[in-house]
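Chains as they are written, first to last, in this note's numbering: chain Z, 1 to 288; chain H, 1001 to 1520; chain L, 2001 to 2213.
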Amino acid sequence: MNIFDRMMTLDRRWVFLFLALVCVITYVWEFKIDISTSKEVENIYNFIENLEEGDYIFLSVDYDPNALAELHPMTYAIAEQAFRKKLKIVFMTNSNLGPGMVNQALRDIEDSLKLDREYNGVYYEGRDIVNGIDYAFLGYKPYPALVIQSLGLDFRVNFPTDYYNVPLDSLPILKDVKNFDQIECVINMAAGNVAEMWITYGQGRYHVPLALGITGVMGADFYPYLGSGQIFGLMAGLLGAAQYEKLADNYGRARDGMRIQLFAHIVIILFILMANVGFFLSKRQARK
Amino acid sequence: MKNKVFLILCALLVGAFMSVSGQDEGTGPPGSPSPPAPASDVTAHVEIEGNQRVALVHWRLPDENGVSEYVIMRALTPEGPFEERGRVTAGVDRFRDILEMPTDSAIVADTMNTVDVVAPAPPTGVVVADRGNDHGHAINVSWDLSADDGTGMDNVIIYGIYRARGEPDIFLLQGEAFKGDSTYADIGSKEEHLKNYMPDHVDYYYKVRAKTNQYQPGQRDYFYKVRAVAADTTLFSDSETSIMDGTVFSDSEIAGPVQSYGQWFNTDRLSVLFLVAGFLIVTIFFIQKAKGGADLFVRRLAGIEAVDEAIGRATEMGKPILYVLGLGTAADIATIASYTILGRVAKKIAEYQTGLIVPCYDPIVMTVAQETVKTAYMDAGRPDAYHQDIVYFVTNQQFAYVAAVNGVMMRERPATNLYMGKFYAESLILAETGVVAGSIQISGTDEISQIPFFVVACDYTLIGEELYAASAYLGREPLLLGSLKAQDYAKAGVIILTVAGFLAMIFGWEGFRDFFHVTN
Amino acid sequence: MKRQIPLMFVFVLGFLMIIQFFIPHEKSEDLASFLLDWIVIIGIFALALGLWSLVRVSWDKVKHRKPNWQYSVITLVGLFIMIFFGFDYFRNFFSAEGLDNYMYVSFYTSIVIPVQATMFSLLAFFIASAAYRAFRARTVLATLLLLSALIIMLRFNPYLGPIGPFCERTSVWLLNVPNLAAKRAIIIGVGLGMVATAFKVILGIERAYLGKD
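Put into structure tokens, the structure is as follows:
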């Protein structure tokens, strides 16, 4: 087997090894990279930014720990922006490991909100957020399609009590909120087909403004919905999260992750080029 | 079977016990007095009566059990301190609070030189009607813009939409529309306990108020709240605080009465009904045609044709076949299509006496798959070869399921892997592990994002609707072939409609697009 | 009769839900809510069946010392540990306190989250090896695929210099035009296939899920 054949038929374990090395090196060696934002992410940021104090948004956190790296930074950035603007947030999850994700995010955001901070030149005083007043967490119920349809009728159909077993009617934040009619927008962070269910049953049936935060691999699938206007914004993968962090001036794990992703892509491209070079040169050699 | 029945009975008992134990035992000891229900929807707005300004305070009466009187209180800030402005007896829902003019002579002198406050021209032509194509509890209000909105004095800042229920007496603010807007949808709730309760088949009256906010002598912000006091005056409850509306305004004529009601047919969805009905008719037509013996051509599906070869390979190698139904639920169409393929594959496997492994992600899918495989073995005349552990539940966690299936692949080294159903991010992990295990892989999914991964890693892939067509292709039954043909003709119909729509937009015939545009 | 009754249920309820889509009236909404509640209840019972299946299969492997029976021991131990702590040491069956149980939360954050994240991260390596294997310029179409993949991967790379804006504009065009066109075509086909399959199930043509006659 000559060098060109070896280039084409390299054992996949070499690919894994080089990729792992690059990921570790770029993780340990911290440097900033420049991120440019795209319109679909700006739409979400501007929508939230233009809402007024006391407006309601609905965050559906529909992912498991496996999608944490890509979707958690989005949840953090959006929730913190909304809380800083004193919007009211209703959380829900269609994933049975989602409550853990929401609780973790709320704990971390609560700590962050206590500090005085400046974002995009605007000074925000530290504040406490209170469950039942500033946010509500409905919890998890199975069969997302059915849950979304019933949310459009009345939150109380599937969630008579919230995640902490408090009746929804006892929560001050939800006193005048019955269904999506009182919600300014729904932002769904999803790693599976729940995003499509939100489009079909949430936006399609009840016409609530919908934006999606999805994993990178799903991104290409949802551009049709952006084009048709069924969603007003789209954050795809770690890149989408990093763009949102940049817009919100609230840098976190997404920007660090982008650094690793960038160089991982470069490694993959180099291997692809190597394989093609080997392919062409071995063909030429065979002809000779 | 007995175990399943026993388990269902246990679950029923547990469920019944939980529902009983979860019931409310009642709150508080009997006999202790409680404060009366508070007044709600407190509003206050300013009107000029002669040479004085008066704040008219209204509120919605609560359940008046135990209320003896209402105390109207006012403060300069929402937090107070509140001073009492007057009292009214139970059953009364309004109060006039005379507002003082400033005593400072400088301010009085200054105000004498100000331009008189001029209210904008009122909106006209208010039209109210039930909001159609909904479940009721909603009225559409439209009006002609005030003459001073964008023209004339151009001093309209906002329109307030006010509604009275039953009699055109007490009008409460329902919502606002910005200047330049001339429509408003008053959408209420069917729940009696909610603040925006709006029952159907009740007379409603509307008026539209054009407001401006010019300076008014002696004007300042007041905050009002209403205290419901019980006969035992130590017990009371306060309403929410409401800011006084100090704008200058003019009201339209009162429109109404109008009633809201739900519709029995949503005309916005007429186009969907036509398309669904049309598709059903075409399906029935082709099914009848197929039943009549017509030969309906279906193109070759390489993936399905390879199944036989793959089963043969597994038999020769003495290795089992792994069938993965995907991560969908039993309600997913891809999973339903997968059952049919599983049935036919299981029958062949039973005939060839090869092993079969079917790990499941969803318990309902597992139950149905067990029945499907059992039926297939019985149809093949090998009921003895079937055992319940062929189809088993693993977990309904995505990556835990993938880890388990990967483990099966690496331990059992199946000769053939069949992935048919709904797959997500785990598709490539499954397929690549199958490559490492040296299996032939045939996949089919309608998840568009996963198709590229299957195409790269599997030997054969059914793309999108080919998965649904596979059941018809395998069995060649007239009923299934007929519906497949109907699908193809429906696709042709969609192409024709798309081109027609394209041409209609070019020639400006928007009615064509509007007919297919479902807004509600 | 064993098949007729379920088929009748499927037919009646299937058409009922189709009709319900066109009726906005309150009574229609109430019916939809009622039926949605029932589906949740059925799902919970099915979960019990699934758990029984898992326990039985794992126990059978342990009892008969089948190959790799040790993994089944770990499965059963993990299952019962989480049930034990999830019900708050078997003290709270009817409320959510168990979900705040310290051990339950610790197992979740220390084991479940990292393990699931690890499995997902395997995807990165498999994508690299799949891309290395698949992106070969064997034909014209394969070359186009290769070039498109390279452009989209380089899209937001800040170190490309003058070709950076070209990559960004081209990848936006690729995602919004050919990708969108192909996806819409597949979506329309899949959508029609779903409607056809749903009709087949409702009309009783597709009956594989029912088992034997």
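Idealized CB from N, CA, C, for every residue including glycine.
How many angstroms separate the CA atom of L87 (chain Z) from the CA atom of F159 (chain Z)?
Their Cα atoms are separated by approximately 22 angstroms.
For I13 (chain Z), which residues does DSSP report across the bridge?
Here residue 13 (chain Z) turns out to be Arg, not Ile, going by the sequence shown. Paired residues: none, contrary to the question.
Per DSSP, cross-strand counterpart(s) of C1360 (chain H):
DSSP output for C1360 (chain H) lists H:F1393 as bridge partner(s).
Return the chain-ordered list of same chain residues with a C-beta closer than 8 angstroms to the C-beta of E53 (chain Z), the five sequence neighbours on each side being excluded.
Only K85, K86, L87 meet the Cβ criterion.
Between the Cα of V28 (chain Z) and the Cα atoms of Z:L17, Z:D256, Z:V90, Z:D111, which residue gives the shortest distance?
For the residues Z:L17, Z:D256, Z:V90, Z:D111, the minimum Cα distance to V28 (chain Z) belongs to Z:D256.
Proximity test, Cβ basis, 9 angstroms: L1327 (chain H) and chain Z:
Answer yes: the Cβ-Cβ gap between L1327 (chain H) and chain Z drops below 9 angstroms somewhere.
G1493 (chain H) to F2011 (chain L) span [Cα, whole Å]:
When rounded, the distance between both Cα atoms is 27 angstroms.
Taking the C-alpha atoms as reference points, what is the distance between W2038 (chain L) and T1329 (chain H)?
Using only the alpha carbons, I get a separation of about 16 angstroms.
Pairs of beta-carbons, one from the region 2123 to 2143 of chain L and one from the region 220 to 239 of chain Z, closer than 8 angstroms: are there three or more?
Short answer: they don't touch.
Tell me, to the nearest whole angstrom, how far the beta carbon of K1347 (chain H) is from that of A1314 (chain H); I am working on the premise that it is less than 8 angstroms.
Wrong, their Cβ atoms sit about 15 angstroms apart, outside the cutoff.
Is the Cβ-Cβ distance between A1037 (chain H) and G192 (chain Z) less than 9 angstroms?
No, the pair does not count as a contact, with Cβ atoms beyond the cut-off.
Tell me which residue opens and which closes the alpha helix (DSSP H) that D1981 (chain L) is part of.
Outside the displayed span of chain L (2001 to 2213) sits residue 1981 (chain L), for which this structure offers no information.
If we cut at 9 angstroms on Cβ distances, does N1396 (chain H) have a partner in chain Z?
Output row for N1396 (chain H): interface = yes.
Name the residue from L:R2184, L:V2177, L:M2103, L:H2064 whose alpha carbon lies nearest to the alpha carbon of I2081 (chain L).
Comparing Cα positions, the closest option is L:M2103.
Proximal residues of chain Z, C-beta to C-beta of Y1386 (chain H) below 7 angstroms:
Ordered by position in chain Z, no residue passes the 7 angstroms Cβ test against Y1386 (chain H), which lies about 30 angstroms from the chain.
Taking the alpha helix (DSSP H) that P1038 (chain H) falls in, what are its first and last residues?
Following the DSSP letters along the chain, one finds P1038 (chain H) in no alpha helix (DSSP H), marked with neither H nor E.
Candidates Z:N120, Z:R205, Z:D55, Z:Q285, of which the one nearest I133 (chain Z) by Cα:
Checking every option, the nearest Cα to that of I133 (chain Z) belongs to Z:D55.
Would the region 205 to 224 of chain Z and the region 1433 to 1444 of chain H be scored as touching if the rule is three or more Cβ pairs under 8 angstroms?
Three or more Cβ pairs closer than 8 angstroms define a contact, and the region 205 to 224 of chain Z falls short of that threshold against the region 1433 to 1444 of chain H.
Whole-angstrom C-beta distance between A2196 (chain L) and Y1468 (chain H), which should lie under 8 angstroms
Indeed they touch by this definition, with Cβ atoms about 7 angstroms apart.
Between H:H1387, H:I1170, H:K1179, H:P1414, which lies nearest to A1350 (chain H) when the distance is taken from Cα to Cα?
When H:H1387, H:I1170, H:K1179, H:P1414 are compared, the shortest CA-CA separation from A1350 (chain H) is found for H:H1387.
Hey, does P1363 (chain H) have any beta-carbon neighbour from chain L nearer than 9 angstroms?
Yes, because at least one Cβ of chain L sits closer than 9 angstroms to the Cβ of P1363 (chain H).
Residues near I1444 (chain H) in its chain [Cβ-Cβ closer than 6 angstroms; skip 5 each side]:
First, the amino acid is wrong: residue 1444 (chain H) is Gly here, not Ile. So the qualifying residues of the chain are M1420, L1462, L1467.
Identify every run of the beta strand (DSSP E) within the region 109 to 146 of chain Z, keeping only runs that are complete inside it and at least 3 residues long; order them along the chain.
As far as the region 109 to 146 of chain Z is concerned, its whole beta strand (DSSP E) runs of at least 3 residues are 117 to 119, 122 to 124, 135 to 140.
Contacts around V1126 (chain H), its chain only, beta-carbon distance under 6 angstroms, and the 5 residues preceding and following it disregarded:
Only residues of its own chain outside the window of five on either side were considered, and among them W1143, V1208, S1252, A1255 have a CB closer than 6 angstroms to the CB of V1126 (chain H), listed in chain order.
Taking only the alpha-carbon atoms, compute the straight-line gap between I266 (chain Z) and M2153 (chain L) and give it to the nearest angstrom.
In this structure, the CA atom of I266 (chain Z) is about 8 angstroms from the CA atom of M2153 (chain L).
So, helix, strand or coil for Y1215 (chain H), using DSSP?
Residue placement at Y1215 (chain H) cannot be trusted, given a pLDDT of 45 that sits under 50; what the coordinates show is reported in the next sentence. Here Y1215 (chain H) sits in coil by DSSP.
Beta strand (DSSP E) segments (min. 3 residues) lying fully within the region 67 to 106 of chain Z:
Whole beta strand (DSSP E) segments, 3+ residues: 88 to 93.
Is the beta carbon of I1336 (chain H) closer than 9 angstroms to that of Y2209 (chain L)?
Yes, these two residues count as a Cβ contact at 9 angstroms.
How many whole angstroms separate the CB atoms of L2192 (chain L) and A1490 (chain H), which I take to be in contact at a CB cut-off of 8 angstroms?
Indeed, because the Cβ distance is near 5 angstroms, the residues count as touching under 8 angstroms.
For M235 (chain Z): DSSP bridge partner residues
For M235 (chain Z), the pairing in a beta bridge is given by DSSP as Z:G213.
Can you pull the chain Z residues whose beta carbon is under 7 angstroms from the beta carbon of N2157 (chain L), in chain order?
Those within 7 angstroms of N2157 (chain L) in chain Z are L262.
Count the other C-beta atoms from every protein chain shown that fall within 10 angstroms of the C-beta of R1411 (chain H), then say buried if there are 16 or more, exposed otherwise.
So R1411 (chain H) counts as exposed.
For A1138 (chain H), the first and last residue of its enclosing beta strand (DSSP E):
Annotation: the continuous beta strand (DSSP E) that includes A1138 (chain H) extends over 1138 to 1144.
Any Cβ of chain H within less than 9 angstroms of the Cβ of Q2116 (chain L)?
At a cut-off of 9 angstroms between beta-carbon atoms, Q2116 (chain L) makes contact with chain H.
Got a sec: is the Cβ-Cβ distance from V1494 (chain H) to anything in chain L below 9 angstroms?
Yes - at least one Cβ of chain L is within 9 angstroms of the one on V1494 (chain H).
Figure out for me which residue from H:L1325, H:G1150, H:A1334 has the closest Cα to the Cα of G1464 (chain H).
Closest in C-alpha terms to G1464 (chain H), from the list H:L1325, H:G1150, H:A1334, comes H:A1334.
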